[in-house]
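Participant:
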Amino acid sequence: MQIAVTGSIATDHLMSFPGKIADQLIADRLDQVSLSFLVDELEVRRGGVAGNIAFGLGQLGVKSLLVGAVGEDFAEYRTWLERHSVDTSTVHTSKTAHTARFTCTTDETQNQIASFYPGAMSEAREIELKPIADRVGGLDLVVVSANDPEAMLRHSQECRDRGYEFLADPGQQLARMDGPQIRKLVEGAKYLFTNEYEHSLLLQTTGLSHAEVLQQVGMWVTSLGENGVRIESASAKTIEIAPVKPKQVGDPTGVGDALRAGFLAGLSNGLDLERSIQLGCTLATTSLETDGPQEYDVEKGSFVSRFAEAYGNQAAGEIESVLR
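One gets my numbering by counting positions in the sequence shown from 1 and adding 90 to each.
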């Protein structure tokens, strides 16, 4: 199964300040703020929704095509992804902008000052899918995940025009898009992924009813946090999947991306919908137990055992036969 994962590719620069940001503010000088913090920790994490999903697929033995825009500073990140079974040959490299970057300083009371630089991500709207499909002999599924909004709309429209099946995963970009844009994005999607908050926001912003959305997409998959996952469609019974309980909780960033990666890996290996989501839930918990969206490592034996604990030995036998 040839999967193209479109979306953001970024790095996170996370710093810790051993003090209180509030102590640096002068109450009667808030119109003239100039702050500088001497931080004692800096952690650089690889991320971006598309990067995280493609990495997760690679962890389960599925090589996908990463489609997004980066800067010349992507070299080290590219090597990392290729080492983890991601095809980066379809990534667009900007001649003028750096790779998207999130910077955040967190103080000892968990207050934060953060900035996001979209950089090269803004050029993702220039990417056409057809040359990619022609080069690899066709695309079985295109993931349209959070990205430059114009790129997301272009990709979903091209999928409809050329008959490529696609998964719509608007994520945090729902807040930046208006009703008509969101309708255009999700219309005709084989799969629509949201979390519980995004589920409500999509309905509110588009003005569509729940039933109307289900008429426009093949399946609507909603992640419910500790309550698992719900899968709905207009023509089939709703399926609810319990989550895999974590043994410890790390940074939740990227957990939803791992869920999608596991689901896609299941589909790629011919598993049914229920098993694919269960695979996604297991990978999501694996991600949740580590700090960083690409810091986990799947060891087949322990992964299958974890799956069996949650979903039974028979189900585990089905996924064990396809994991590589």
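We put the CB at the ideal spot given by N, CA and C, even for glycine.
Let me know the beta strand (DSSP E) ranges lying completely inside the region 91-115, each 3 residues or longer, listed in chain order.
Facilitator: Segments of the beta strand (DSSP E) lying fully in the region 91-115: 93-96, 100-106.
Participant: On the DSSP letters alone, give me the boundaries of the beta strand (DSSP E) that S175 sits inside.
Facilitator: First-last for S175: undefined, no H or E at that position.
Participant: Just to confirm before moving on: does the CB-CB distance between H188 and G209 stay below 8 Å?
Facilitator: Going by C-beta atoms, H188 is nearer than 8 Å to G209.
Participant: Nearest to G109 by alpha carbon, out of A117, D118, L128, Q122?
Facilitator: Taking only the C-alpha atoms, the option nearest G109 is L128.
Participant: Any idea which residues DSSP pairs A159 with across the strands?
Facilitator: Its beta-bridge partners are H182.
Participant: Name the two residues that bound the continuous beta strand (DSSP E) containing A190.
Facilitator: Its beta strand (DSSP E) spans residues 190-196.
Participant: To the nearest angstrom, how far is the alpha carbon of L155 from that of S205?
Facilitator: Roughly 29 Å between the two C-alpha positions.
Participant: Is the Cβ-Cβ distance between I143 and R414 less than 8 Å?
Facilitator: The answer is no: Cβ separation not under 8 Å.
Participant: Buried or exposed, going by whether 16 or more other CB atoms sit within 10 Å of the CB of L378?
Facilitator: Classification for L378: buried.
Participant: With three or more beta-carbon pairs closer than 8 Å as the criterion, would you say the region 328-336 touches the region 119-139?
Facilitator: Not touching, per the Cβ criterion.
Participant: Going by DSSP, name the residue or residues bridged to Q202.
Facilitator: The partner list for Q202 (beta bridge, DSSP) reads T196.
Participant: Can you tell me the Cβ-Cβ gap for V311 and T96, rounded? I've got them flagged as a contact below 8 Å.
Facilitator: The pair is not a contact, with the Cβ atoms about 18 Å apart (cut-off 8 Å).
Participant: How long is the line joining the alpha carbons of K335 and L120, rounded to whole angstroms?
Facilitator: The alpha-carbon atoms of K335 and L120 are separated by roughly 45 Å.
Participant: Leaving out five residues on either side along the sequence, give the residues of the same chain with a beta carbon under 7 Å from the beta carbon of Q262.
Facilitator: Here the set comprises A236.
Participant: Count the other CB atoms, across all protein chains shown, that sit within 10 Å of the CB of R365; report buried if there are 16 or more and exposed otherwise.
Facilitator: Buried, because 16 or more other Cβ atoms sit within 10 Å of the Cβ of R365.
Participant: So, using beta-carbon positions, are E288 and Q306 closer together than 8 Å?
Facilitator: No, these two residues do not count as a Cβ contact at 8 Å.
Participant: What residue range is occupied by the uninterrupted alpha helix (DSSP H) comprising G318?
Facilitator: Here G318 belongs to no alpha helix (DSSP H), and DSSP marks it neither H nor E.
Participant: Decide if S313 is buried, meaning its Cβ has at least 16 other Cβ atoms within 10 Å, or exposed.
Facilitator: So S313 counts as buried.
Participant: From the DSSP output, which residues share a beta bridge with D259?
Facilitator: Its beta-bridge partners are S235.
Participant: Give me whichever residues DSSP pairs with I329 in a beta bridge.
Facilitator: Its beta-bridge partners are I321.
Participant: What is the rounded straight-line gap between the Cα of R173 and the Cα of E385?
Facilitator: Going from the Cα of R173 to the Cα of E385 covers about 14 Å.
Participant: Using the three-state DSSP reduction, which class does E133 fall into: helix, strand or coil?
Facilitator: Strand, per DSSP.
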